[in-house]
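Below is one structure, written out as structure tokens; the observations come after it.
Number of protein chains: 6
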Amino acid sequence: MSQFTHFDDAGASRMVDVGAKPVTRRQARASGLVRMAPATLRAICDRETAKGDVREVARLAGIMAAKRTGDLIPLCHPLALDSVRLELTPRGDDGLQIEATVEITAKTGVEMEALTAVSVAALTVYDMCKSMDRGMTIERIQLESKSGGASGDFARSAEALQKSE
Amino acid sequence: MSQFTHFDDAGASRMVDVGAKPVTRRQARASGLVRMAPATLRAICDRETAKGDVREVARLAGIMAAKRTGDLIPLCHPLALDSVRLELTPRGDDGLQIEATVEITAKTGVEMEALTAVSVAALTVYDMCKSMDRGMTIERIQLESKSGGASGDFARSAEALQKSE
Amino acid sequence: MSQFTHFDDAGASRMVDVGAKPVTRRQARASGLVRMAPATLRAICDRETAKGDVREVARLAGIMAAKRTGDLIPLCHPLALDSVRLELTPRGDDGLQIEATVEITAKTGVEMEALTAVSVAALTVYDMCKSMDRGMTIERIQLESKSGGASGDFARSAEALQKSE
Amino acid sequence: MSQFTHFDDAGASRMVDVGAKPVTRRQARASGLVRMAPATLRAICDRETAKGDVREVARLAGIMAAKRTGDLIPLCHPLALDSVRLELTPRGDDGLQIEATVEITAKTGVEMEALTAVSVAALTVYDMCKSMDRGMTIERIQLESKSGGASGDFARSAEALQKSE
Amino acid sequence: MSQFTHFDDAGASRMVDVGAKPVTRRQARASGLVRMAPATLRAICDRETAKGDVREVARLAGIMAAKRTGDLIPLCHPLALDSVRLELTPRGDDGLQIEATVEITAKTGVEMEALTAVSVAALTVYDMCKSMDRGMTIERIQLESKSGGASGDFARSAEALQKSE
Amino acid sequence: MSQFTHFDDAGASRMVDVGAKPVTRRQARASGLVRMAPATLRAICDRETAKGDVREVARLAGIMAAKRTGDLIPLCHPLALDSVRLELTPRGDDGLQIEATVEITAKTGVEMEALTAVSVAALTVYDMCKSMDRGMTIERIQLESKSGGASGDFARSAEALQKSE
Chain A
2 MSQFTHFDDA
12 GASRMVDVGA
22 KPVTRRQARA
32 SGLVRMAPAT
42 LRAICDRETA
52 KGDVREVARL
62 AGIMAAKRTG
72 DLIPLCHPLA
82 LDSVRLELTP
92 RGDDGLQIEA
102 TVEITAKTGV
112 EMEALTAVSV
122 AALTVYDMCK
132 SMDRGMTIER
142 IQLESKSGGA
152 SGDFARSAEA
162 LQKSE
Chain B
2 MSQFTHFDDA
12 GASRMVDVGA
22 KPVTRRQARA
32 SGLVRMAPAT
42 LRAICDRETA
52 KGDVREVARL
62 AGIMAAKRTG
72 DLIPLCHPLA
82 LDSVRLELTP
92 RGDDGLQIEA
102 TVEITAKTGV
112 EMEALTAVSV
122 AALTVYDMCK
132 SMDRGMTIER
142 IQLESKSGGA
152 SGDFARSAEA
162 LQKSE
Chain C
2 MSQFTHFDDA
12 GASRMVDVGA
22 KPVTRRQARA
32 SGLVRMAPAT
42 LRAICDRETA
52 KGDVREVARL
62 AGIMAAKRTG
72 DLIPLCHPLA
82 LDSVRLELTP
92 RGDDGLQIEA
102 TVEITAKTGV
112 EMEALTAVSV
122 AALTVYDMCK
132 SMDRGMTIER
142 IQLESKSGGA
152 SGDFARSAEA
162 LQKSE
Chain D
2 MSQFTHFDDA
12 GASRMVDVGA
22 KPVTRRQARA
32 SGLVRMAPAT
42 LRAICDRETA
52 KGDVREVARL
62 AGIMAAKRTG
72 DLIPLCHPLA
82 LDSVRLELTP
92 RGDDGLQIEA
102 TVEITAKTGV
112 EMEALTAVSV
122 AALTVYDMCK
132 SMDRGMTIER
142 IQLESKSGGA
152 SGDFARSAEA
162 LQKSE
Chain E
2 MSQFTHFDDA
12 GASRMVDVGA
22 KPVTRRQARA
32 SGLVRMAPAT
42 LRAICDRETA
52 KGDVREVARL
62 AGIMAAKRTG
72 DLIPLCHPLA
82 LDSVRLELTP
92 RGDDGLQIEA
102 TVEITAKTGV
112 EMEALTAVSV
122 AALTVYDMCK
132 SMDRGMTIER
142 IQLESKSGGA
152 SGDFARSAEA
162 LQKSE
Chain F
2 MSQFTHFDDA
12 GASRMVDVGA
22 KPVTRRQARA
32 SGLVRMAPAT
42 LRAICDRETA
52 KGDVREVARL
62 AGIMAAKRTG
72 DLIPLCHPLA
82 LDSVRLELTP
92 RGDDGLQIEA
102 TVEITAKTGV
112 EMEALTAVSV
122 AALTVYDMCK
132 SMDRGMTIER
142 IQLESKSGGA
152 SGDFARSAEA
162 LQKSE
């Protein structure tokens, strides 16, 4: 039997059948980090109180991307999301932490939606700041937790977090 | 004057005017790494010779996403790309390195297209393998080089690479 | 507490959580008016019995746009609509009245879908006729009624209509 | 011969051939007005200095919609825009004026892109404020000026403005 | 009364109201055939065991297109599909048979999704092979069966199949 | 060397580089046939003079799909089309012939755009008529001619046509 649920036994891609799964309330939380020059981070944070809010642009891009996950990821189910929230928080003097929380009442989970929201928000931060800092990197995009599905809950353990530092 | 080209002096978002820029041949190269359990990487590499090719699915998702960058990143120009290529290469026993190269003959560059291709390919690897390894992380998505534009060429320096290790 | 449901207390955009709302049958009706030269309106109406039907093109554009509302309006939920209908009716000698009715069985309403359908239908009328009449204006796009949701029904009152004349 | 360039002589819709038209720099400017309760306008303007910026969300939605005009309006050409800018300015105590300026170097103009940007920005204002003011109306969406094309320049005259009051 | 459910009595297009229909499990199966030079078919089948898999690219394109049926077919309802599967099988020495199976739990059926999946998979086969065989044709795209809806089940009869040979 | 231009020598999908190709005026023409019960064809043709025009809906769907070809076919280049035209003509008592002509001034051809326009128009005819005739088939979608590119012109020969009858 195939280990990859998205391939059948002959190795052909498929969108797996979720028809028999129960409709439950599900949540997923994902995070990522944009690392940048301290001056870039200061410019993002300063401007917010003054003129132009990089974080709000990134947040909107992430929310809109979450809604289009099924269009971007070939074998994802198209889903009618209940809610999407993103937070962008400075971390140290050179990091902008992005966290997305997505909820749905459906037969399948929203990990990919949360991860897509984080990724596109991070890309948007890059786009907004690239004229001053092309060396920015997007780091450690990962699932933080997921709940509500048949495959059981998931929470990234403390060890896992330490290891990935 | 604003440091952020995507904001005007009042802090309002805008798509910057590229009308006066010359049409030149431009290239951008970006990379990223999906870190996973060694067993997951082996399953990806084994299956390729047998049944189901995770890397081909991710490559196609990345190519298609590159074409839709202007739809995803709020202030990106919509662009008619000349070419998109992605490579996914095992790195060590727990990493899958993704590299995208995008080319265009246009007034503006394709960094965002290359970074978007890498990001969506990485998300697709996650989606294809998540049933066996939810702890995968997407790391160090970054611009490797860019050439052909008025703002000068860019190449991630050896130091930069060391620092980001 | 925030007056704007689409912002949290810190002013960050979010897609509000509709997970706890009941699934009910909901309807929204919106309208708008394209004002044009009398000759343009006559051309639209004459052609319909002869060659080329501006109203049918606009109707289809409005229906297709209603389905994509969640793609266009940043914080709208993506929704699986039950039905969309548009009517385009001459009004006086220089107006084309557009009315859209959208229905759904869901946790959230379809005002935005009805307003989007009207707007895109009106834009399409403009596009089809602009070679003969660039001075056309799109006027008074408004919600006419909505029913079925927890926030109560809405019907534009007679006074409101008089005032907006 | 057909008056409607988008229909052929048999009345069939078509995307008109712009292949023989010269590539020129073109600009279009469009405007519209969202009329609302004075309290709603105050909330929009107050919040901007505090928490949550309705105008920035609307601006981004308008810019993104301009890029997708060819997807929304059935017979519009898909275009690679040079720039898109939107301004949202209070007018009196109950109006929010929206103006969009779009530029391109191409064989065909960008009136529809400017009008689409205004329309979707106005719809987004409605969406952001509808929980406090369902009676808002979107008024007088119109082309203000256009230049650079073979069909000649257009500027809405003072008379036209008076007439449309 | 109109024979065409997608037109009202005045001949106007509409998205028909499915609000009162019961939610049931539904399935549709469609097929089509790409006819090509025997050398092209051999190249497709040979490459699969070696380098590059035309069928996998076509399968993914078909799955992704099924998800976007409501965006492509003007009066189709947008639907949250449960599953999509495609098979591409050589038939004789010059045919590649494509079959798509789509399932949903909803108020309306998925015939159009299955037919769209087959069509876009066939177009993708054409695109992948056109540099060596421009004369390929796409033949006999048809619904094979449908079940689960109020309008009754459908199965293409043996006679119908003979007649269409 | 790979026979398939869309695969590299290792069998990986790619969007081929058209950067060095000359910009020329290019045209492609494709066709297809929807076969149906004679009563269905009569209903389509009768209604056109009366109420509801299946052919116009299909034509618009085909034009809109041509613009989105790069979104649907994984390795197609996104293109700014100059023109798209579709004709739907009764053929015998049970066939509706669809022909699409697409033109562009670009580095790459528009065969896929013409074939996609025909396919989606045919699917739309099916959708509009399926409530009265589920047995309809879409037949012989093929490239009729192409001109203007470096790979030479193509015209389906008389023999080819006879053979495909």
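Chains as they are written, first to last, in my numbering: chain A, 2 to 166; chain B, 2 to 166; chain C, 2 to 166; chain D, 2 to 166; chain E, 2 to 166; chain F, 2 to 166.
We put the CB at the ideal spot given by N, CA and C, even for glycine.
Everything numeric in this text was worked out from a predicted model, so none of it was measured.
- Contact note: R157 of chain F reaches chain E through R135 and G136, using a C-beta cutoff of 9 Å and chain order.
- Residues of the same chain with a CB within less than 6 Å of the CB of I45 of chain E, apart from the 5 flanking positions on each side, are V55 in chain order.
- Look at the beta carbons and you see the stretch 141 to 151 of chain C not touching the stretch 86 to 98 of chain C: under three pairs across the two are nearer than 8 Å.
- Closest in C-alpha terms to K131 of chain A, from the list A:T41, A:T6, A:L76 and A:T102, comes A:T41.
- According to DSSP, residue pairing for P91 of chain E in a beta bridge involves E:L97.
- For V119 of chain F, same chain residues with a beta-carbon under 8 Å away, outside a window of 5 residues either side, are A31, S32, G33, G63, L87, I99, E100, A101 and I142 in chain order.
- Boundaries of the alpha helix (DSSP H) harbouring G71 of chain E: T70 to L73, taken from the DSSP string.
- As the crow flies, the alpha-carbon of A66 of chain A is around 10 Å from that of R60 of chain A.
- K68 of chain C has a beta carbon lying within less than 7 Å of a beta carbon in chain E.
- In this model, S84 of chain B and E57 of chain E are separated by some 21 Å (Cα to Cα).
- When only Cα atoms are considered, V103 of chain A and V121 of chain B end up about 18 Å apart.
- Using a CB distance cut-off of 7 Å, E104 of chain B counts as an interface residue toward chain F.
- When the five nearest sequence neighbours on each side are left out, the beta carbons in the same chain lying within less than 6 Å of the beta carbon of T25 of chain D are those of G149, in order along the chain.
- Against chain D, a Cβ distance below 7 Å from P79 of chain B picks out K68, A81 and L82.
- Rounded to whole angstroms, D95 of chain A and L116 of chain A show a C-alpha spacing of 22 Å.
- Partner residues in a beta bridge of Q4 of chain A, as assigned by DSSP, do not exist.
- Straight through space, the alpha carbons of A107 of chain C and A151 of chain C are spaced by roughly 11 Å.
- In this structure, the beta-carbon distance from V35 of chain D to M133 of chain D does not fall below 7 Å.
- Scanning its chain for C-beta atoms nearer than 6 Å, with the 5 sequence neighbours on each side dropped, one finds around T70 of chain F the residues C77, M113, E114 and T117, in chain order.
- Residue range E112 to C130 is occupied by the alpha helix (DSSP H) that includes A122 of chain C.
- DSSP, reduced to helix, strand and coil, places V17 of chain C outside both helices and strands of the structure shown, so it counts as coil.
- If you ignore the 5 residues before and after L80 of chain F, its C-beta comes within less than 8 Å of the C-beta of T70, G71, I105, A107, T109, V111 and E114, all in its own chain and listed in chain order.
- The C-beta of A21 of chain E has fewer than 16 other C-beta atoms within 10 Å across all chains shown, which makes the residue exposed.
- Around the beta carbon of G53 of chain B, 16 or more other beta carbons lie within 10 angstroms, which makes this residue buried.
- Think of a sphere of 8 Å around the beta carbon of A44 of chain D: the chain C residues whose beta carbon falls inside it are Q4 and F5, in chain order.
- S14 of chain C sits buried, since 16 or more C-beta atoms from the chains shown fall within 10 Å of its C-beta.
- Judged by DSSP secondary structure, V35 of chain E falls within the beta strand (DSSP E) whose first and last residues are T25 to R36.
- By the neighbour-count definition (other C-beta atoms within 10 Å, threshold 16), P23 of chain E is an exposed residue.
- Looking only at F:F5, F:K68 and F:V17, the smallest Cα-Cα distance to R43 of chain E is reached by F:F5.
- Under DSSP, K147 of chain C forms a beta bridge with C:A29 and C:F155.
- Distance from the CA of D47 of chain F to the CA of G12 of chain E, rounded to the nearest whole angstrom, comes to 12 Å.
- When Cβ-Cβ separations below 7 Å define contact, R36 of chain B makes no contact with chain F.
- Contact between M16 of chain B and L124 of chain D does not hold, since their C-beta atoms are separated by about 19 Å, which reaches or exceeds 8 Å.
- Interface annotation, D47 of chain C: not in contact with chain D, CB-CB separation never under 7 Å.
- DSSP, reduced to helix, strand and coil, places T138 of chain E within a strand of the structure shown.
- Of the residues assessed, A156 of chain B falls on the exposed side of the cut-off, its CB having fewer than 16 other CB atoms within 10 angstroms.
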